[in-house]
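Below you'll find the structure, written out as structure tokens, and then a few comments.
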Ligand SMILES: [Zn+2]
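Residue numbers (the numbering used here): 509 to 782.
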């Protein structure tokens, strides 16, 4: 699933093309991506609406339409691209949501396996949604102390806690692996056992890595594409994720891959991370 840097890249790419534009014609190919909204209400809510802002919250792109917000959570195979003209012929395959803009361009949410979700929230719905998500790691107000508070007294593995969106926004498996490796912290360590010094290091590494990944337009392992349809480049800079069995860049030991912490792959160095 695209994480914070990937969605941030998408948002920065599509924002200029969408700001101030109006949706003239809207169509949806499948309803199974919708959460809490019917096809009818979605199409009616989008048609004729003007895009006031495009932003990101956690791993979601948020289109502010005045009264409503369209929230797009791109799944593993989802992409959000503004095309210079309406899609035709074969290009329309896997296009789930198509919204034609008043300047002739078209915003397309494409999703081969339809693992992503679309929500249309009014002001109250958005408030509830936003409140359920933890702090944004790149916000100036996010401090080591806030990270420490999020990790709190949890007996759960620190990796699980930093990937839990209600504790911290936007971090998924790739960047959790990378940040814990860079901070020298064992991903399986109980969150409550981390010291203030651990909080300081982990906080700094989470922010540094997310910012570096945004500069590289995100990580393309398989399907992720930027808002202009390109691959990201941060996969070239990964030091832990995807490198199980390969030598640690710091000490040369073989990196360990395990699925015992959560259902996802965790890669770490048993020597550098404790
Ligand atoms: Zn090592």
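Think of the CB as a built atom: it goes at the ideal place given N, C-alpha and C, for glycine as much as any other residue.
With DSSP as the reference, identify every bridge partner of residue 536, one or two as the case may be. Start at 1 with the first residue of the chain shown, and residue 536 comes out as number 28. DSSP lists 605 as partners of residue 536.
Quick check: does the Cβ of residue 751 come within less than 8 Å of any heavy atom belonging to ligand 1? Indexing the chain shown from 1 puts residue 751 at position 243. No, since every heavy atom of ligand 1 falls outside the 8 Å radius drawn around the Cβ of residue 751.
Using DSSP's beta-bridge definition, name the partner residues of residue 561. As a working mapping, residue 561 is identified with position 53 in the chain shown. Answer is 572.
Can you confirm whether the segment 576-586 touches the segment 510-521 when touching is taken to mean that 3 or more C-beta pairs between the two stretches lie within less than 8 Å? yes
Under a Cβ-count criterion, where at least 16 other Cβ atoms within 10 Å of its own Cβ denotes burial, should residue 463 be classed as buried or exposed? Given a span of 509 to 782 for the chain in the structure shown, any question on residue 463 remains unanswerable.
For residue 776, which option in 636, 724, 763 has the closest C-alpha, if you only look at C-alpha atoms? For the purposes of this step, residue 776 is identified with residue 268 of the chain shown, where counting begins at 1. That would be 763, whose Cα lies nearest to the Cα of residue 776.
Tell me where the alpha helix (DSSP H) around residue 656 begins and ends. Translated into positions along the chain shown, residue 656 becomes position 148. 652-659 is the span of the alpha helix (DSSP H), which, as asked, contains residue 656.
Between the alpha carbons of residue 719 and residue 518, how many angstroms are there, rounded? Residue mapping note: residue 719 aligns to position 211 of the chain shown, counting from 1. Residue mapping note: residue 518 aligns to position 10 of the chain shown, counting from 1. Spanning the two alpha carbons is a distance of roughly 14 Å.
Keeping to the same chain, check which residues put their C-beta closer than 8 Å to that of residue 667; ignore five residues upstream and five downstream. Looking up residue 667 in the chain shown gives position 159. Cβ neighbours of residue 667 beyond the five flanking positions: 684, 685, 688, 695, 696, 769, 770, 774.
Can you tell me whether residue 687 is helix, strand or coil according to DSSP? Translated into the one-based positions of the chain shown, residue 687 becomes position 179. Three-state result, residue 687: helix.
Is residue 598 helix, strand or coil by DSSP? Here residue 598 is taken as the residue at index 90 of the chain shown, counted from 1. In the structure shown, residue 598 sits in a helix (DSSP, three-state: H, G or I).
Check whether the Cβ of residue 696 lies closer than 8 Å to any heavy atom of ligand 1, and answer yes or no. Here residue 696 is taken as the residue at index 188 of the chain shown, counted from 1. No.
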